[in-house]
Structure formats: C-alpha cells, structure tokens
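Residues 1 to 312 (full-length UniProt numbering) are what the sequence shown spells out, left to right.
For every residue, glycine included, the Cβ atom is placed at its ideal position computed from N, Cα and C.
This one's a predicted model, so the numbers in the text were calculated from it and none came from an experiment.
Single-structure report; data block below.
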Amino acid sequence: MEAKEALERDWSSLLPEVLNLIAKTLIEIIDFVRFRAVCMAWRSSTTIADLPPQFPWIFEERHRYEDDLRFYSISFGKIYNIHTAKSLGKMSTRSSDKYIQLFHITGQRSLLNPLNDHEIPIHAYDCHNYPRVKGPWQNCGVHMVCYGPPGYQKYPESVYCQFDQEKWCELILGLDYANCDLGDCNLFYLNGMLFNVDSDTGVTKVTDVATNTLAYVIPPVEGYLGKNAKYDTSAECIMDASGDILRVFRYYDFAVDWSGYCFDIHRLDVNESGSVFWVKVDNIGNHALFLNMDGGFVLRAYDFVGVKRNCI
C-alpha cells in the first residue's frame, strides 16, 4: 500500500521552499540537470545561478558533429551527455565557466550555455584578422576576443571583453602588447586586471581594465630567457588560487619523467618596496590544478571527494 502511494504521489506539488532545500544539497552538475528535468515546477524553482561549485565545465572537444556534448564529472569520475539543440553541426572547442565555445564549419564562432541554450555570437570584422577567443576565467565570467589588424601580424590590435551577457567593452591594446603572439594569445584576465606575457622577453605587463592603463611591469622568471631557457609562452597559464595569482609552466624533461611533462609554479608576490615579482613555489596547499593546452582552473581539494590536494 505504501509503495503504491509513493508511485501515485505528485512530486510537482512540492512547496518552492522544499525544492530550494533539495537543490542546495546537490553537489554535482549532472544531479542539477536531472533535478531540473523532473518537471516545470522543479525547473522554475532554480536558475543557472544556483549551480553546484564544479566549474568550469570539463567538456570533451567535439571534432565530429555528434548530437550530444560530453562532460566529465569530478565527483563521480564518469562521462555524461547533455543534449543542446544549438550545438548541432558545430564543434565544441573549449571548456569554460558558464559558456562553451562553438565553431561552425562556416567559420562562425559563438558562446553557448548548455543548460538553457543561450547563445552569444562572436562577430568577425572585415577590418580585422580572425578572432581568437580566450577565457572565460574561473569565477569571473569574463570572455575575451582578440582581433588582429588586417593581414597577419604578431600582436592583437584590440580586445573585446564580455562582462555580462551581451555587453562587450573594447580595449585598444597599443604598443604595450606588441609582442603578444596572436597565435598563442598570451592574455589572461584576473580580478579586473589583464595579464600579458611578452613572448620575446618574458616580461608580464598588467593592465587595469577599468582605466585601460598599464598598472605593473613584472620581470621575467628565472629560466625564461637565454641559452638554457626551459620556459616559453606557448605552454603556460595564469590563474587564481583562492586569492593567490599563480603562473604555471609546462615543459619537457625526459630525465625526470617518462612522459617528459614537468611543471613549475610561480606565485605573484610584492616586496616591502612595493615591487611586484614572480617567486617559485613547491607547494599549492589544499588546491588542485586542472590544465589544458593553454589554460586551466583551480579547485579546493576538500570541496570534492577524491580530488587530491597539492596536485596537477
């Protein structure tokens, strides 16, 4: 009798405050997706702003035009599918914060939120080189599109930053970014600051986005230049680890590891005179870093079961 009553229960009639309590217990994106799929009442009780803490999405790159997007669950250690109508016929090219980047065979690029199918087109301009999309960076929701001048040149002429939905603001970069390689696009946005690593000198230039003025010039790290240099800008990223700005280098050393992959991490520091510099560290504490070819993100290990601290 009790089993029959449970089957006949109308789960859509739960009070909104009860649904909110249930939603707050969800720790994984796939659970959130399933919760919102129960019925319209459950879906309308939450918004995408209520998402669990796993961000960015960890999507597989989709080079063939499959119907579904596939993403990895850190908590469950499994691959799940999510269907998004607007991703059909397009390649997914980058995992991201709330949006993923899509590329159509026609050359059109866009940003897509896979939970609500909200798509933002990235426009190409005839007077510029192809757009190069960077970001978004963890916990800031900023996307950045770099445009080069007509014809191939090494440095980007301007950058468009998207801060909220459809609103974009333009930054004219100028000579401070003359050696920022458009192919690698060594630009990183953190906490209102735009970090650019000069691909020739290794110097990091930091621009205040609000005022579009150069705020800091940071000397290169040891090992960046010279005959025995082991770092280069094509294999590094800058990220925020609970307030610490980390610069992560990937390089090859087959004497250390059979795969050849090695990593060095530097933290942004300030001395008593106010000078800003990179200092090498050998421990990242309770954090775990996740890296792809030209970016990554940081998680606090104790937020997720099975994620080891002080690991890449």
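| What did DSSP end up calling E17 once you bin it into helix, strand or coil? | In the sequence shown, residue 17 corresponds to position 17, counting from 1. In the three-state DSSP reduction, E17 falls in the helix class (H, G or I).
| said: Please tell me whether R250 and W278 are closer than 8 angstroms, where the distance is taken between their beta carbons. | reply: For this step, residue 250 is matched to residue 250 along the sequence shown. For this step, residue 278 is matched to residue 278 along the sequence shown. Cβ atoms of R250 and W278: not closer than 8 angstroms.
| query | Would DSSP call F32 helix, strand or coil? | reply | The sequence position of residue 32 within the sequence shown is 32, counting from 1. DSSP places F32 within a helical segment (H, G or I) once states are collapsed to three.
| 8 angstroms Cβ cutoff met for D240 and N191 | As a position in the sequence shown, residue 240 is number 240, starting the count at 1. As a position in the sequence shown, residue 191 is number 191, starting the count at 1. Result yes, Cβ atoms of D240 and N191 sit closer than 8 angstroms.
| A37 (DSSP reduced to helix, strand or coil) | In the sequence shown, the residue the question calls residue 37 occupies position 37. Of the three classes helix, strand and coil, the one that applies to A37 here is coil, per DSSP.
| Mind checking K24: buried by the 16 CB within 10 Å criterion, or exposed? | Indexing the sequence shown from 1 puts residue 24 at position 24. Taking all protein chains shown into account, K24 has fewer than 16 neighbouring C-beta atoms within 10 Å of its C-beta and is therefore exposed.
| task | Taking P114 as the reference, give the member of P220, N81, L19, H104 with the closest Cα. | result | Numbered from its first residue, the sequence shown carries residue 114 at position 114. Selected option, being the one with the closest Cα: N81.
| Beta-carbon contacts of D117 that lie in its chain and below 8 angstroms, excluding the five residues immediately before and after | Locating residue 117 in the sequence shown gives position 117, counting from the first residue. These residues qualify, in order along the chain: T84, A85, K86.
| request: Alpha carbon to alpha carbon, how far is S75 from I58? Give it in angstroms, no decimals. | output: In the sequence shown, the residue the question calls residue 58 occupies position 58. In the sequence shown, the residue the question calls residue 75 occupies position 75. Rounded to the nearest angstrom, the two C-alpha atoms are 12 angstroms apart.
| task | State the DSSP-derived secondary structure class of R62, mapped to helix, strand or coil. | result | Taking the first residue of the sequence shown as 1, we reach residue 62 at position 62. Note: R62 maps to strand in three-state DSSP.
| said: Just to confirm the assignment, what range does the beta strand (DSSP E) spanning G296 have? | reply: Locating residue 296 in the sequence shown gives position 296, where the first residue counts as 1. Where G296 is concerned, the enclosing beta strand (DSSP E) stretches over 296 to 300.
| task | Go ahead and label G306 buried or exposed: buried means 16 or more other beta carbons lie within 10 angstroms of its beta carbon, across all protein chains shown. | result | Translated into positions along the sequence shown, residue 306 becomes position 306. Result: exposed.
| request: Note down the Cα distance separating D303 from I284, rounded to an integer number of angstroms. | output: In the sequence shown, the residue the question calls residue 303 occupies position 303. In the sequence shown, the residue the question calls residue 284 occupies position 284. Cα to Cα, the separation comes out at about 15 angstroms.
| query | In this structure, does DSSP put S73 in helix, strand or coil? | reply | Counting from 1 along the sequence shown, the entry for residue 73 is found at position 73. Correct three-state label for S73: strand.
| query | Any idea which residues DSSP pairs P219 with across the strands? | reply | Locating residue 219 in the sequence shown gives position 219, counting from the first residue. Partner(s): none; P219 has no beta bridge.
| Around the Cβ of A288, are there at least 16 other Cβ atoms within 10 angstroms (buried) or fewer (exposed)? | Translated into positions along the sequence shown, residue 288 becomes position 288. Looking at its Cβ environment, which holds 16 or more other Cβ atoms inside 10 Å, A288 is buried.
| Three-way DSSP call (helix, strand, coil) for S12 in this model | Here residue 12 refers to the residue found at position 12 when the sequence shown is read from its first residue. Here S12 sits in helix by DSSP.
| Y189 to L112 span [Cα, whole Å] | On the sequence shown, residue 189 is found 189 positions in, with the first residue counted as 1. On the sequence shown, residue 112 is found 112 positions in, with the first residue counted as 1. Going by the C-alpha atoms only, they are around 20 angstroms apart.
| message | Please classify V206 as buried or exposed, where buried requires at least 16 other C-beta atoms within 10 Å of its C-beta. | response | Position 206 of the sequence shown holds residue 206. Buried, because 16 or more other Cβ atoms sit within 10 Å of the Cβ of V206.
| query | Between which two residues does the beta strand (DSSP E) containing A241 stretch? | reply | Position 241 of the sequence shown, counted from the start, is the residue given in the question as residue 241. Unbroken beta strand (DSSP E) run through A241: 236 to 241.
| field | Integer Cβ distance of V217 from G202, believed to fall under 8 angstroms | value | Position 217 of the sequence shown, counted from the start, is the residue given in the question as residue 217. Position 202 of the sequence shown, counted from the start, is the residue given in the question as residue 202. Actually they do not touch by this definition, with Cβ atoms about 12 angstroms apart.
| request: In the DSSP assignment, find the unbroken beta strand (DSSP E) run with P121 in it and report its ends. | output: Position 121 of the sequence shown, counted from the start, is the residue given in the question as residue 121. Segment 118 to 122, the beta strand (DSSP E) holding P121.
| said: Less than 6 angstroms between C-beta atoms, sequence neighbours within five positions excluded: which residues of the same chain meet that for E119? | reply: Here the question's residue 119 lines up with position 119 in the sequence shown. Only K86, S110, L112 meet the Cβ criterion.
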